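*Asks:* Residue numbers (the working numbering), protein chains in the order written: chain X, 240 to 353; chain Y, 55 to 170.
So that we are looking at the same thing, I have put the structure below in structure tokens.
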């Protein structure tokens, strides 16, 4: 059973517009949520995170929103740039042991068109 | 951020041979390293947690004798795929932790393994 779901395998947006990437999770005990960006043939790089005690975290063009009641988080990128084109993974830390362990979604491939 | 390297970046081998993949933290000491595996269009799946000087902890369903992990020093962990078969073909990624915060987990560039 997937604990972390990214239901949209791909997303295409126009440069300058907003990109919204979504992620759903199953366990209300998850306490930390992260977004990673990954280019082909490279490892993921950390983008932004949010703790379960918050509902919003902003860093420049990137904002992550957390809706605990819906077990949903989203990543907003505005304005989107062609260099943002990559696969975005959301990840959570599971509640059982090993606080550094990450469980990843399948990723959403974002394409920002010039 | 800190840099994690992997070697080789890609490897092709014959079925039945063993392949060793190295993961190094270049500018920090990593007490813990993780090994992930990614199939095409799939999420990163944690295979094992590697702690320096102790045995690795494997996730459920990962064969310990198949995927040998050695964390010999604070800057090096190795993953050996023993008696590789075509189904082991995958993208293997390591990560290393430099501190106790989640966003200090740095990932290597990955190793593409193709078993013929």
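Note that CB positions come from ideal geometry on N, CA and C, so glycine has one too.
Being a predicted model, the structure only gives us computed values, none of them experimental.
Kindly indicate if chain X contains any beta-carbon less than 8 Å away from that of residue 118/Y.
*Replies:* It does not; no Cβ of chain X falls within 8 Å.
*Asks:* Note down, in chain order, each residue of its chain lying with its Cβ closer than 6 Å to the Cβ of residue 336/X, except the 5 sequence neighbours on either side.
*Replies:* In this predicted model, residue 336/X has a pLDDT of only 49, less than 50, meaning its place in the structure is not dependable enough to derive any value.
*Asks:* Kindly list, in the order they appear in chain Y, the residues whose Cβ is closer than 7 Å to that of residue 343/X.
*Replies:* Within 7 Å Cβ-Cβ: 97, 98.
*Asks:* Determine whether the Cβ of residue 328/X lies closer than 8 Å to any Cβ atom of chain Y.
*Replies:* Chain Y, which has a Cβ nearer than 8 Å to the Cβ of residue 328/X, makes this yes.
*Asks:* Using a beta-carbon distance below 8 Å, is residue 321/X in contact with chain Y?
*Replies:* Residue 321/X does not count as touching chain Y.
*Asks:* Where does residue 270/X sit, in a helix, a strand or coil, going by DSSP?
*Replies:* Residue 270/X falls in the coil class under three-state DSSP.
*Asks:* Say whether the stretch 276-283 of chain X touches the stretch 324-333 of chain X, bearing in mind that this needs 3 or more beta-carbon pairs closer than 8 Å, one atom from each stretch.
*Replies:* Yes, they touch.
*Asks:* Residues in its own chain within less than 7 Å of residue 164/Y by CB, not counting five upstream and five downstream?
*Replies:* The answer, listed in chain order, is 60, 145, 146, 147.
*Asks:* With 8 Å set as the bound, which would you pick, yes or no: does the beta-carbon of residue 70/Y sit closer than that to a beta-carbon of chain X?
*Replies:* No, residue 70/Y does not count as interfacial toward chain X.
*Asks:* I think residue 57/Y touches residue 161/Y, with their Cβ atoms under 8 Å apart; what is that distance to the nearest whole Å?
*Replies:* Wrong, their Cβ atoms sit about 10 Å apart, outside the cutoff.
*Asks:* Does DSSP put residue 141/Y in a helix, a strand or coil?
*Replies:* Residue state, collapsed to three classes: helix.
*Asks:* How about residue 129/Y and residue 104/Y: do their beta carbons lie closer than 8 Å?
*Replies:* No.
*Asks:* Any Cβ of chain X within less than 8 Å of the Cβ of residue 163/Y?
*Replies:* Closer than 8 Å: yes.
*Asks:* Please report the Cβ distance between residue 243/X and residue 264/X, rounded to the nearest whole angstrom; I am assuming they are in contact, meaning their Cβ atoms lie under 8 Å.
*Replies:* With 8 Å as the limit, residue 243/X and residue 264/X qualify as a contact, their Cβ atoms being about 5 Å apart.
*Asks:* Restricting to Cα atoms, I'd like to know which of 99/Y, 166/Y, 96/Y, 70/Y is closest to residue 120/Y.
*Replies:* Among 99/Y, 166/Y, 96/Y, 70/Y, the Cα nearest to that of residue 120/Y belongs to 70/Y.
*Asks:* Roughly how many angstroms lie between the CA atoms of residue 352/X and residue 256/X, to the nearest whole one?
*Replies:* In a straight line, the C-alpha of residue 352/X is about 10 Å away from that of residue 256/X.
*Asks:* Which bits of chain X does residue 91/Y rub up against, with CB to CB less than 8 Å?
*Replies:* Within chain X, no residue comes near residue 91/Y; the closest Cβ sits about 11 Å away, beyond 8 Å.
*Asks:* Quick one: Cα of residue 297/X to Cα of residue 322/X, how far?
*Replies:* Looking at the two C-alpha atoms, the distance is approximately 19 Å.
*Asks:* For residue 263/X, does the three-state DSSP call read helix, strand or coil?
*Replies:* Residue 263/X falls in the strand class under three-state DSSP.
*Asks:* Looking at the C-beta of residue 147/Y, does it have a partner C-beta in chain B at a distance below 8 Å?
*Replies:* Of the protein chains in the structure, X and Y, none is chain B.
*Asks:* Mind checking if residue 134/Y is an interface residue toward chain X, Cβ cutoff 8 Å exclusive?
*Replies:* Residue 134/Y does not count as touching chain X.
*Asks:* Quick one: which chain Y residues come within Cβ less than 7 Å of residue 346/X?
*Replies:* Ordered by position in chain Y, the residues that pass the 7 Å Cβ test against residue 346/X are 97.
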